[in-house]
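Engineer:
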């Protein structure tokens, strides 16, 4: 196996995405661009109250409107319960969702839908539907969810749905008097994914009852499963096709519209397109879970963390979806960052009358690291250590065991990230210079944080992929697998891996995206940062098997030993004489004619490991003490990537992740008011970080390889979003010398923190 530092012909290069030109010129067809003969248009009716029982739904005006085909509510649709988080039939989940709710559980809950002959009529008819509610007191935050006097959001189920714990060692055995105790708390906000493309779906049913769904999803087999459950059809009767995607970041990781759209198309036997506008997409899709955490850490005088207890509360919103899985993911990450012998992590999952939590880039890692990395900085301060030096004393080392009993953490290079980052960022000098600005109007702060994530599901869930690869008679290669390119370069990455194995130009490799009818099965799709590590390794192995098959066939055709045959540059040559034996395509023809054999390979690859992947982010911020505005001036992101298959894509992923993480730190929040209404329901009130707000970003990659990743590669798309929020907040703390306990660190919260500090200082004089 080549080292990750060796030069490759195709791996380690930065070709453009496979569809970059079509996207840039507007020629690509997204789901919203697809038109079918006799296609109908659907529009949702969303709840306007946070909590209420339906007394009556008046649909008569809508139904009387010319062009309206049908109106759907809970009264004329199945009561089949499902959980949109379920991606394989064996996954045990709490099922509390249905197509249309019989009770409003949040502002944005799906109450009805109108299908009409055109989009304008569908919207007009949806506005004519009147719903009379018996309003109930809403449960709007985590604290209220614990109040047993509050109404139940789901009858028969407590608002505090369940609790779980992960424990290593025995933190209760630690003597508080023998340790320095550092306690902190932090609450992270509900966040919208802000993908450019709102949610959209197209479905149709043919005369045989076969349902086909076109969707920009992350797991076609999950869409197929949930739709089949709702329609009560065999899986073979539901086909899901992944369409070009205008961004997801986890927001399209659960089937939101697909079950509804499929049901309406199946019922009407006509194509139906259902799409949301921006407001509907913000309210009625999924959010990053709000999480509240308290940390209590035990540190000795040498700066070694001896133990830690973490209490978490996960706000799942109005439906359960993946609340439990998110807690387990956070607990796992908290045990793979530092060497802590005694640690207990417990958490509650609660219902609230707010938008639904779901998958979001990092899957709990940004939340748990915001909570814990801020505590790490406070430990460093309390024990007199610099934050970098303190981390270097405590971070994990390569091939440490996972203390929870899972797979070991692999070639973990977080120490390299911290050391190289501190040097490149000029950490110690910049931190000292920043402290000299504390009496100015524009105060500077310098902060850093570490973060970790995984590489798939191995150790937790089934994690395998089947791939099908075939060489054609003209020397092209066709790769079929359930790929879901979200705009992050999945297809080009797979092509680079296969091209490297086969020594074939990228333009001669065709990789198809997911379609449940023709794609081999993939156990989990595009989630858990598994695509490059698991699917990429599978692509490499399948290509290697095909290459071996072709060489073996060539030995029979040309009467040579395998060692005498060289396969490179689209030709097979005699290694002894240097003479050309055949082109790849010519060999395929001869295999068929002389050996009755196809140049084809089908292989199921099962992931053998799940190493941790790491990053360390260093930031400098500038705060206007008069306005409370925070400007992130510079970010250095150092990542343990193993090997960058496509460095350009890797850097792009890191830049985008930093944009999201800064938003989580200082600006993004759905802001649920006292009536349960999300005030951040459009981009004029929901403040993402725009291009003029972005800092200067520098990226440094640590490429030390991984035993099982393709050519040593590990994941990047999610871990890049993990350290940045905590790094920004730690820089703010460094500037202000106060602690922010609720995100985002908005100007109002910054001003409040400054005023409290000044008031406390005046009292001490």
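In this note's numbering, the protein residues as written are 196 to 960.
Using N, Cα and C, we set each Cβ at its ideal position, and we do this for glycine too.
#1: So the candidates are 836, 397 and 699; which of them puts its Cα closest to the Cα of residue 606?
#2: In the DSSP output, what is residue 646 paired with across the bridge?
#3: Kindly list the residues whose CB is nearer than 7 Å to the CB of residue 365, restricted to its own chain and excluding five residues on each side of it in sequence; keep chain order.
#4: For the beta strand (DSSP E) holding residue 674, just list the boundary residues, first then last.
#5: So, at 8 Å on beta carbons, what are the nonlocal neighbours of residue 760 in its own chain, with the 5 sequence-adjacent residues on each side left out?
#6: Closest to residue 294 by CA distance: which of 443, 474 and 267 is it?
#7: Count Cβ pairs between the region 267 to 281 and the region 341 to 349 that sit closer than 8 Å; are there 3 or more?
#8: Return the Cβ separation of residue 674 and residue 734 in integer angstroms, given the expectation that the two are a contact with Cβ distance under 8 Å.
#9: Can you tell me whether residue 769 is helix, strand or coil according to DSSP?
#10: Assign residue 871 to buried or exposed, taking buried as 16 or more other Cβ atoms, counted over all protein chains shown, within 10 Å of its Cβ.
#11: Just mark residue 791 as buried or exposed, buried being the case when its beta carbon has 16 or more other beta carbons within 10 Å.
#12: Taking the continuous alpha helix (DSSP H) assigned at residue 567, which residues delimit it?
#13: Taking only the alpha-carbon atoms, compute the straight-line gap between residue 868 and residue 709 and give it to the nearest angstrom.
#14: Would you check if the region 421 to 437 and the region 694 to 701 touch, i.e. whether three or more CB-CB distances between them fall below 8 Å?
#15: To the nearest angstrom, report how far apart residue 904 and residue 764 are at their CA atoms.
#16: State the Cα-Cα distance for the pair residue 478 and residue 544, rounded to the nearest angstrom.
#17: In the DSSP assignment, what residue or residues form a beta bridge with residue 797?
#18: Below 6 Å CB to CB, which residues in the same chain sit around residue 204 once its five sequence neighbours on both sides are set aside?
#19: Can you tell which of 806, 774 and 833 has the C-alpha that lies nearest to the C-alpha of residue 901?
#20: Leaving out five residues before and five after residue 394 in sequence, what residues of the same chain have Cβ atoms less than 6 Å from its Cβ?
#21: Given a threshold of 16 other Cβ atoms within 10 Å of its Cβ, counted over all protein chains shown, does residue 315 qualify as buried or as exposed?
#22: Suppose the cutoff is 6 Å on Cβ atoms and the five residues either side in sequence are ignored; what does the same chain contact list for residue 919 look like?
#23: In its own chain, which residues sit with a C-beta less than 6 Å from the C-beta of residue 380, not counting the 5 before and 5 after it?
#24: Tell me whether residue 695 sits in a helix, a strand or coil according to DSSP, three-state version.
#25: Short of 6 Å in beta carbon distance, which residues of its chain neighbour residue 846, apart from the five on each side in sequence? Order them along the chain.
#26: Closest by CA to residue 637, which one among 667, 693 and 817?
#27: Distance, Cα to Cα, residue 660 vs residue 802?
#28: Would you mind sorting residue 954 into buried or exposed? The rule is 16 or more other CB atoms within 10 Å of its CB.
#29: Looking only at its chain, what residues have a beta carbon closer than 8 Å to the beta carbon of residue 943, apart from the 5 residues adjacent to it on each side?
#30: Let's see if you can read the secondary structure: which residues bound the beta strand (DSSP E) around residue 328?
#31: What does a CB cutoff of less than 6 Å around residue 405 pick up in its chain, not counting 5 residues either side in sequence?
#32: Consider the C-beta atom of residue 710 and the heavy atoms of the ligand HEM; say whether any pair is separated by less than 6 Å.
#33: What's the call for residue 879, buried or exposed, on a 16-neighbour Cβ count within 10 Å?
#34: Give me, in chain order, the residues of the same chain whose beta-carbon lies closer than 7 Å to that of residue 910; leave out the 5 immediate sequence neighbours on both sides.
#35: Go to residue 681, then tell me how far its alpha helix (DSSP H) extends in each direction, as first and last residue.
#36: Ignore the nearest five residues each way along the sequence and tell me which others in residue 737's own chain have a CB closer than 6 Å to its CB.
Structural biologist: Concretely, from the data shown:
#1: When only C-alpha atoms are compared, the closest one is 836.
#2: DSSP, once it has assigned bridges, lists 810 as partnering residue 646.
#3: Cβ neighbours of residue 365 within its own chain (closer than 7 Å, five residues either side excluded): 537.
#4: It spans 672 to 678 - the beta strand (DSSP E) in which residue 674 sits, taken as one unbroken run.
#5: Counting only Cβ-Cβ distances below 8 Å, and skipping sequence neighbours, we find 746, 749, 750, 753, 767, 768, 769, 770 and 776.
#6: Relative to residue 294, the option among 443, 474 and 267 whose CA is nearest is 267.
#7: The answer is no - the region 341 to 349 does not touch the region 267 to 281, with fewer than three Cβ pairs under 8 Å.
#8: Contact holds; Cβ gap of about 7 Å.
#9: In this structure, residue 769 counts as strand in the three-state DSSP scheme.
#10: So residue 871 ends up on the buried side.
#11: Residue burial annotation: residue 791 is exposed, with fewer than 16 other C-beta atoms found within 10 angstroms of its C-beta.
#12: Start and end: 560 to 578.
#13: In this structure, the alpha-carbon of residue 868 lies about 41 Å from that of residue 709.
#14: At 8 Å Cβ cutoff, the stretches do not touch.
#15: Between residue 904 and residue 764, the C-alpha separation is close to 25 Å.
#16: A straight-line Cα-Cα distance of about 21 Å links residue 478 and residue 544.
#17: Residue 797 pairs with 663.
#18: Contacts found: none.
#19: Taking only the C-alpha atoms, the option nearest residue 901 is 806.
#20: Answer for residue 394: 451, 452, 471, 476 and 480, listed in chain order.
#21: It counts as exposed.
#22: Sequence-distant partners of residue 919 (beyond 5 residues in either direction) whose C-beta falls short of 6 Å from its own C-beta, in its chain, are 812, 853 and 856.
#23: Excluding positions up to five away in sequence, the list reads 489 and 936.
#24: Here DSSP, grouped into helix, strand and coil, assigns residue 695 to helix.
#25: So the qualifying residues of the chain are 894.
#26: Selected option, being the one with the closest Cα: 817.
#27: Roughly 9 Å separates the two Cα atoms.
#28: In summary, residue 954 is exposed, with fewer than 16 beta-carbon neighbours lying within 10 Å of its beta-carbon over all protein chains present.
#29: Short of 8 Å from the beta carbon of residue 943, and not among the five residues preceding or following it, lie these beta carbons of its own chain, in chain order: 823.
#30: Counting along the chain, residue 328 sits inside the beta strand (DSSP E) bounded by residues 325 to 330.
#31: Cβ neighbours of residue 405 beyond the five flanking positions: 432.
#32: Questions concerning the ligand HEM fall outside what the structure shown contains, since it holds no ligand whatsoever.
#33: Residue 879 is exposed by the Cβ-count criterion.
#34: In the same chain as residue 910, and ignoring 5 residues on each side of it, the C-beta atoms closer than 7 Å to its own belong to 648, 650, 724, 727, 728 and 808, in chain order.
#35: Looking at the DSSP string, residue 681 is not in any alpha helix (DSSP H), and its letter there is neither H nor E.
#36: Cβ neighbours of residue 737 beyond the five flanking positions: 662, 664, 796 and 798.
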